[in-house]
Amino acid sequence: MRDFFTKFRKSESGATLVEYGIALILAIIVGGTALITLAGGVNTNLSDACDVTGDVAQIGSAACDA
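Numbers 1204 to 1269, taken from the numbering used here, label the letters of the sequence shown in order.
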C-alpha cells in the first residue's frame, strides 16, 4: 500500500488528477454563482412579461398565474 502511494505521488497522473479536481470545483462554484445571480433577474423578467400580456396566452396549459 505504501508503494502505491509513493508511485502515485511521483507519477504525473496524480498531479493531473488534482488539476482536474480543482478545475471541476472551480467550474461548479462559478456555475452556481452565475445561476444564483441570474435567477432573480430571470424571474423578474418573466413576471413583467406576464403583466404586459395580461394572461392572454392562457390558451395553452401554462398560464402566468400558475
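All C-beta atoms, glycine included, are put in the ideal place defined by N, C-alpha and C. None of these values were measured; they are calculated from a predicted model.
C-alpha gap between residue i and residue j, whole angstroms
i        : j        : result
Thr-1236 : Gly-1244 : 14 angstroms
Asp-1206 : Thr-1240 : 47 angstroms
Glu-1222 : Val-1255 : 49 angstroms
Cys-1253 : Asn-1246 : 11 angstroms
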